[in-house]
Amino acid sequence: MVSPARKREAVVHLEGKFQVSQRRACKSLVQPRSTLRLGSIEAGSQRQRAPQINEVWCYDFVFDQTEDGRRLKWLPICDEFTRENVALEVERKMEAADVVRVLEAAVARRGCAPKYIRSDNGPEFVAKVVRKWIAEKGFETLYIKPGSPWQNAYSESFNSRMRDELLNVESFSTLLEAKVLGKA
Numbered sequence: 002m003v004s005p006a007r008k009r010e011a012v013v014h015l016e017g018k019f020q021v022s023q024r025r026a027c028k029s030l031v032q033p034r035s036t037l038r039l040g041s042i043e044a045g046s047q048r049q050r051a052p053q054i055n056e057v058w059c060y061d062f063v064f065d066q067t068e069d070g071r072r073l074k075w076l077p078i079c080d081e082f083t084r085e086n087v088a089l090e091v092e093r094k095m096e097a098a099d100v101v102r103v104l105e106a107a108v109a110r111r112g113c114a115p116k117y118i119r120s121d122n123g124p125e126f127v128a129k130v131v132r133k134w135i136a137e138k139g140f141e142t143l144y145i146k147p148g149s150p151w152q153n154a155y156s157e158s159f160n161s162r163m164r165d166e167l168l169n170v171e172s173f174s175t176l177l178e179a180k181v182l183g184k185a
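Residue numbers 2 to 185, in our numbering, belong to the letters of the sequence shown in order.
Here it is as structure tokens:
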């Protein structure tokens, strides 16, 4: 059995010696091109871990539905250092003003604001209302690159666990039931 590393070396050899394309070299070695490609780590692309509590919060939406098929939009906010849930809100629809309301409640409950808040570039997170409120409170945003959910890994991890442990286990008949079970 030949290791993938040796197959990659063989592909490079075939490309150089016989002037064949990468696709043809991979095909002749029965080597999928997906295992050939190795991503390089750009300088500074490594995400730094939050050094202390309330340094970085992260948030993203999670969608579910009630038994009657109506949408539920969940907004969990997590502290990246402790990986603790700072706030969890559910509504039928949630706009930028609702995001600000949830953030205000989380800051009031914690007694302090984070230095940074990480999110994707969703319209509710990049809206003027949200950016203005964040600037007034004195913390900064860390927007991830579009199409790169791994840059918001703590939020994605929390959302996955929330889906496994709450949303896939419980069946919500009403919004009120979802709110009550979300607070429990």
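Glycine included, each C-beta is placed from N, C-alpha and C at the ideal position.
Restricting attention to beta strand (DSSP E) runs no shorter than 3 residues, the segment 94–155 encloses them at 117–120 and 141–144, ordered along the chain.
Per DSSP, residue 88 is one residue of the beta strand (DSSP E) stretching across 86–92. For residue 137 and residue 131, the gap between their C-alpha atoms comes out near 10 angstroms. DSSP places residue 181 inside the alpha helix (DSSP H), whose first and last residues are 176–184. The residue among 97, 146, 139 and 6 with its C-alpha nearest the C-alpha of residue 121 is 146. Per DSSP, residue 72 is one residue of the beta strand (DSSP E) stretching across 72–80. Using a Cβ-Cβ distance cut-off of 8 angstroms, the segment 103–118 and the segment 74–81 are in contact, since at least three pairs of beta carbons, one from each stretch, lie closer than that value.
Under the DSSP assignment, residue 20 falls outside any alpha helix (DSSP H); it carries neither an H nor an E label. Segment contact: the segment 81–88 against the segment 49–66, three or more CB-CB distances shorter than 8 angstroms; contact assigned. In this structure, the straight-line span from the alpha carbon of residue 60 to that of residue 178 is close to 23 angstroms.
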